[in-house]
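**Student:**
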Amino acid sequence: GAGVSQSPSNKVTEKGKDVELRCDPISGHTALYWYRQSLGQGLEFLIYFQGNSAPDKSGLPSDRFSAERTGGSVSTLTIQRTQQEDSAVYLCASSYSRGDEAFFGQGTRLTVV
Amino acid sequence: KQEVTQIPAALSVPEGENLVLNCSFTDSAIYNLQWFRQDPGKGLTSLLLIQSSQREQTSGRLNASLDKSSGRSTLYIAASQPGDSATYLCAVSGQAGTALIFGKGTTLSVSS
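Sequence order for the protein chains is A and B. FYI, in my numbering the residues of the first sequence are 4 to 116. FYI, in my numbering the residues of the second sequence are 141 to 252.
#1: Report buried or exposed for residue 150 of chain B, applying the criterion of at least 16 other Cβ atoms within 10 angstroms of its Cβ.
#2: Out of A:53, A:69, A:10, A:37, which has the shortest C-alpha to C-alpha gap to residue 31 of chain A?
#3: Residue 217 of chain B: which of B:252, B:175, B:158 sits nearest, CA to CA?
#4: By the three-class DSSP mapping on this structure, what secondary structure does residue 222 of chain B have?
#5: At the 7 Å Cβ level, is residue 123 of chain A part of the contact set with chain B, yes or no?
#6: How is residue 157 of chain B classed by DSSP in three states: helix, strand or coil?
#7: Please work out which residues of its chain come closer than 7 Å, Cβ to Cβ, to residue 86 of chain A, disregarding the five sequence neighbours upstream and downstream, and give them in chain order.
#8: Do the stretch 233-243 of chain B and the stretch 169-176 of chain B touch if we need at least three Cβ pairs shorter than 8 Å?
#9: Is the Cβ-Cβ distance between residue 76 of chain A and residue 29 of chain A less than 7 Å?
#10: Taking only beta-carbon atoms, is residue 228 of chain B less than 7 Å away from chain A?
#11: Considering only C-alpha positions, which residue in the set A:64, A:69, A:65 is nearest to residue 58 of chain A?
#12: Would you give the residue range spanned by the beta strand (DSSP E) that residue 33 of chain A belongs to?
#13: Could you check the C-alpha separation between residue 165 of chain B and residue 11 of chain A for me, to the nearest Å?
#14: Take the Cβ of residue 174 of chain B as the centre, count every other Cβ of all protein chains shown within 10 Å, and call the residue buried at 16 or more, exposed below.
#15: Return no unless some Cβ of chain A is closer than 7 Å to the Cβ of residue 233 of chain B.
#16: Identify every residue that forms a DSSP beta bridge with residue 13 of chain A.
#17: Could you work out which residue in B:220, B:183, B:179, B:204 is closest to residue 191 of chain B when comparing CA atoms only?
And the structure:
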């Protein structure tokens, strides 16, 4: 596609439910990143995929968070047993290769009620 | 652990002024530095990418410089316009081309 696509754009869920957020990177981009942006806060790194290498999961805040990337393309971020503090905008980015210019999607605004 | 700081946190200027946004980082062993802008409720738009071997990059009215040894970058905006109002974010990636680490941004308001 022309850019990084994220879905849904907005998600409201009840506390304790699981949610899945999807990211479609730019075609041909081997690097994919997930970030979280809470109200008034900076971008918090969550996880980074580079080609077929093991992902860098060092930013995941708890074991309720996981992500996978199928076929080196689409990625899904899963949050289990959501908590109110998980409410944030979740941003995905991709780049042609590691260290190249990163392009961001419009984000998914997650609200846990 | 890499930390990125942006000063000032907020800036208000009248239209037409030239201005400088500052970014500093604690670990000078970076792979590259990227400047983004973020409009309210939107994702990030890439403005400029500076590789660690470069000193500056220019795009239109924007000029970004990099002094890796001192851990500093500046974004210069010439002849500011109301449409430049946004939050500007600086991010660095490590030597191994690891994920970008972001500063908290500078929120710019340009009044007409």
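Every residue gets a Cβ at the ideal spot worked out from N, C-alpha and C, and that includes glycine. Computed from a predicted structure; not experimentally measured.
**Tutor:** With the given structure in hand:
#1: exposed
#2: A:53
#3: B:158
#4: helix
#5: The question about residue 123 of chain A has no answer, for chain A in this structure spans 4 to 116.
#6: coil
#7: 18, 115
#8: yes
#9: no
#10: no
#11: A:69
#12: Careful: residue 33 of chain A lies outside any beta strand (DSSP E) and carries neither H nor E.
#13: 34 Å
#14: buried
#15: yes
#16: A:112
#17: B:204
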